[in-house]
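> One structure, pasted below without further comment.
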Amino acid sequence: MTQAAKEAIANLPTAAFAAMCCGVGYLTAHYATESTPTIVATAAIVLLATLGLLCAKDRKALLVLILVTRSAGDLVLESMRSSLGEQGMGPGAAINACVIALTCSLVFNKPTNACNKMSWAWLPFFVTALFGLALSPEKIDALRLCLTWLSNYAIFLSAFYIVSTIDDFRYCLRVILWSSLLPAAYSMAQILGGVGTDWRTDRFQSTFTHPNIFAFYLTLVIFLGFYLIKCNSATVAWKRAGLGIYLTYLAGLLLLTQTRSAWFTCAAAFLVFGLFFQRRYLIYLVSLLVVSAFIPSVHDRLLDLNGSELAGSQVKLNSLAWRIELWKSAWDWMEPARYGFGYGIGAFRENAPIFFARSDGVKWDAHNVYVQWFFDVGLSGLCAYLWLHGRLLYLLSPLYAIDKLAGFFSAVLIVGYLAVSLSDNMMFYLVYNWYYWFAIGAACALVHAMSGGGIPATADRTTRPRRSVQPAPPRQGTNPDNPRRRWQ
């Protein structure tokens with residue numbers, strides 16, 4: 002294939018995205034006249050135009066910009082979704098398509114063997130998902146979920162085009178940390194100015210669509226921010242102190258979300274860190290747990306774990322007894338012939354009013370990835386899901402020798418993700434999944450680069466400007482033509 006043909010193929014996603022920006026901008030303006038404030042529609046059009054211009058100039062800079070701002074995007078995007086399918090589609094789908102197109106452009110322009118290496122981890126998952134799509138009772142929503150996970154893979158793979166050194170890896174983690182600034186600022190406005198829901202009585206969700214998503218996102222940011230402190234990424238004392246205060250503020254927001262699984266994951270991670278790295282953190286952890294136990298909302302949420310008292314056909318929201326009843330009903334209703342490939346993506350939600358007597362007609366998700374994925378895609382899909390994470394854990398095992406703390410927190414992220422999947426709908430949390438997979442992708446890219454892989458030498462290593470390094474002049478009194486000369 003000629004160089005011109007390669008460049009044409011590489012620029013196809015950029016051209017497609019530019020056309021998509023025009024189309025979505027027009028539809029947004031039209032849709033805004035019906036039900037969206039003009040200022041919101043105008044902001045959306047300006048944002049799309051900016052993304053289109055930036056895409057033509059620097060694709061990796063655009064990816065970073067999307068990651069920094071996507072954490073606060075649901076406030077605008079959710080109000081502008083059209084009514085295509087039950088879940089709806091709108092400008093958020095355009096951003097997902099943008100990420101997929103940008104990553105395809107990077108891959109076509111500068112191929113790397115990381116794509117082949119990572120495909121063995123992801124391929125079984127996507128193959129079984131396609132089977133689930135074919136069997137799905139709701140094709141549009143199933144397709145939307147498949148495209149969402151394709152965008153997760155694109156985000157994961159994009160890190161390989163940014164990371165070539167450990168400094169690049171830490172830069173990616175700082176990008177995730179920067180993304181928390183907008184939700185943190187909005188949260189402060191909610192607390193001080195009464196914006197949005199009443200944080201004193203309701204579960205806190207900030208710019209996210211559900212408190213659980215915000216909680217898992219905060220857990221991720223706290224882990225990565227703590228790593229950046231411990232690895233001395235912030236060399237100035239006041240920066241480390243400021244980051245510590247900021248993470249403490251985020252921990253307070255985590256308590257306000259009232260998400261127990263996120264609390265347990267965070268506590269377990271710092272417990273293991275204290276046992277194997279710095280014992281003094283065990284004292285900090287115990288002190289925090291004691292103080293938290295006296296907070297009424299925390300105390301009530303912990304007691305609700307044992308709540309099994311029924312009220313009519315319902316139980317206390319998110320109680321363990323309610324979830325166990327839901328899972329048991331699904332298992333009893335499922336036919337053994339469907340154990341292999343399931344009923345299709347979305348089948349659990351569609352059939353919940355049938356097999357769950359306490360549903361009251363509500364189409365519930367399973368609040369358990371393993372139960373729902375087994376019901377939807379069968380044992381084959383469940384094994385593929387576990388293979389994906391198990392394979393990534395194996396690929397990340399050399400990271401412990403490169404950076405012990407990075408290896409520890411990478412393993413914590415994956416194990417924590419698998420743990421909270423026992424009690425939540427993690428597969429549907431797009432915003433959190435993007436940051437999770439970007440962090441895991443950056444860790445895998447670091448291992449790949451340190452093992453002699455990485456992107457080709459002709460590719461741009463990162464979007465950040467680098468200081469050019471010139472060799473020092475020869476010492477005075479030495480012969481510059483001598484091949485054995487020494488450099489300063």
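Going by my numbering, the sequence shown opens with residue 2, and the numbers climb by one from there. Each residue gets a CB set at the ideal place from its N, CA and C atoms; glycine is no exception.
Give the single residue among Ser-288, Val-164, Phe-356 and Gly-245 whose Cα lies nearest to the Cα of Leu-178.
Of Ser-288, Val-164, Phe-356 and Gly-245, the residue nearest in Cα terms is Gly-245.
> So for His-300, helix, strand or coil by DSSP?
It is helical.
> To the nearest angstrom, how far is the alpha carbon of Gly-133 from that of Arg-339?
When rounded, the distance between both Cα atoms is 12 angstroms.
> In whole angstroms, what is the alpha-carbon distance linking Gly-74 and Pro-337?
Each residue's alpha carbon lies about 42 angstroms from the other.
> To the nearest angstrom, how far is it from the Cα of His-390 to the Cα of Leu-396?
Cα to Cα, His-390 sits roughly 10 angstroms from Leu-396.
> Spatial neighbours of Glu-242 within its chain, please: CB distance less than 7 angstroms, with the 5 preceding and 5 following residues excluded, ordered by chain position.
For the record, residue 242 in the displayed sequence is Ala; it is not Glu. Within the same chain, Ala-242 has no close Cβ partners at all.
> Looking at the structure shown, is Leu-321 part of a helix, part of a strand, or coil, going by DSSP?
It is helical.
> Leaving out the 5 sequence neighbours to the left and right, which residues in its chain are closer than 6 angstroms to Gly-417 when beta-carbon positions are compared?
Answer for Gly-417: Thr-266, listed in chain order.
> Leaving out five residues on either side along the sequence, give the residues of the same chain with a beta carbon under 7 angstroms from the beta carbon of Val-69.
Once the five neighbours on either side are set aside, the close Cβ partners of Val-69 are Val-176, Trp-179 and Ser-180.
> Might you give, ordered along the chain, the residues of its own chain that have their beta carbon closer than 8 angstroms to the beta carbon of Gly-362, omitting 5 neighbours on each side?
Contacts found: Pro-354.
> Hey, would you say Ala-154 sits closer than 7 angstroms to Trp-123, going by beta carbons?
The sequence given here has Tyr at residue 154, not Ala. Going by C-beta atoms, Tyr-154 is nearer than 7 angstroms to Trp-123.
> Counting only beta-carbon separations shorter than 7 angstroms, does Leu-219 have a partner in chain D?
The structure shown contains no chain D; it holds only a single protein chain.
> Give the single residue among Ser-165, Val-77, Lys-231 and Pro-112 whose Cα lies nearest to the Cα of Ala-444.
Minimum Cα distance to Ala-444 is reached at Ser-165.
> Does DSSP classify Glu-326 as helix, strand or coil?
Reduced to three states, the DSSP call for Glu-326 is helix.
> Which of the three DSSP states is assigned to Arg-359 in this structure?
In the structure shown, Arg-359 sits in coil (DSSP, three-state: anything other than H, G, I, E or B).
> Since Pro-1 contacts Gly-347 with CB under 8 angstroms, what's their CB separation in whole angstroms?
For residue 1 there is no data in the structure shown, the boundaries of the chain being 2 and 489.
> Considering Cys-116, what are the terminal residues of the alpha helix (DSSP H) in which it resides?
First-last of the alpha helix (DSSP H) with Cys-116: 114-136.
> Grab the span of the alpha helix (DSSP H) containing Lys-364 for me, first residue to last.
Run containing Lys-364: none; DSSP gives neither H nor E here.
> Could you tell me which of Phe-342, Ala-263, Cys-99 and Leu-136 sits nearest to Leu-148, measuring between CA atoms?
The residue with the shortest Cα to Cα distance from Leu-148 is Cys-99.
> Taking the alpha-carbon of Val-432 as reference, which of Ala-190, Arg-71, Asp-59 and Leu-66 has the nearest alpha-carbon?
Here the closest residue by C-alpha is Arg-71.
> Taking just the CA atoms, how far does Ser-159 sit from Ala-62?
For Ala-62 and Ser-159, the distance between alpha carbons rounds to 11 angstroms.
> For Phe-224, tell me which candidate among Leu-447, Met-451, Tyr-436 and Asp-301 has the shortest Cα-Cα distance.
Among Leu-447, Met-451, Tyr-436 and Asp-301, the Cα nearest to that of Phe-224 is on Tyr-436.
> Would you kindly work out how many angstroms separate the C-alpha atoms of His-368 and Asn-114, rounded to a whole number?
Roughly 37 angstroms between the two C-alpha positions.
> Which first and last residues belong to the alpha helix (DSSP H) in which His-211 is found?
Segment: none, His-211 is in no alpha helix (DSSP H) and carries neither H nor E.
> State yes or no: is the C-beta of Thr-249 within less than 7 angstroms of the C-beta of Asn-213?
Cβ distance not < 7 angstroms, so Thr-249 and Asn-213 don't count as in contact.
> Quick check on Asp-333: does DSSP put it in helix, strand or coil?
If DSSP states are grouped into helix, strand and coil, Asp-333 belongs with the helices.
> Excluding five sequence neighbours on each side, which residues of the same chain lie with their C-beta closer than 7 angstroms to the C-beta of Asp-425?
Asn-213, Ser-262 and His-368, listed in sequence order.
> Can you have a look at Ile-284 and say buried or exposed, based on whether 16 or more other CB atoms are within 10 angstroms of its CB?
Label assigned to Ile-284: exposed.
> Does DSSP put Pro-399 in a helix, in a strand, or in coil?
Coil, per DSSP.
> Looking at the structure shown, is Arg-204 part of a helix, part of a strand, or coil, going by DSSP?
In this structure, Arg-204 counts as coil in the three-state DSSP scheme.
> With DSSP as the reference, label Gln-88 as helix, strand or coil.
Note that Gln-88 scores a pLDDT of 48, beneath 50, so its modelled location is shaky and nothing firm can be said.
> Using 8 angstroms for Cβ pairs, my map puts Phe-439 next to Cys-173. What's the rounded Cβ distance?
Contact holds; Cβ gap of about 7 angstroms.
> Run the CB neighbour count on Gly-341, radius 10 Å, all protein chains shown included, and call it buried at 16 or more, exposed below.
By the 10 Å Cβ count, Gly-341 comes out exposed.
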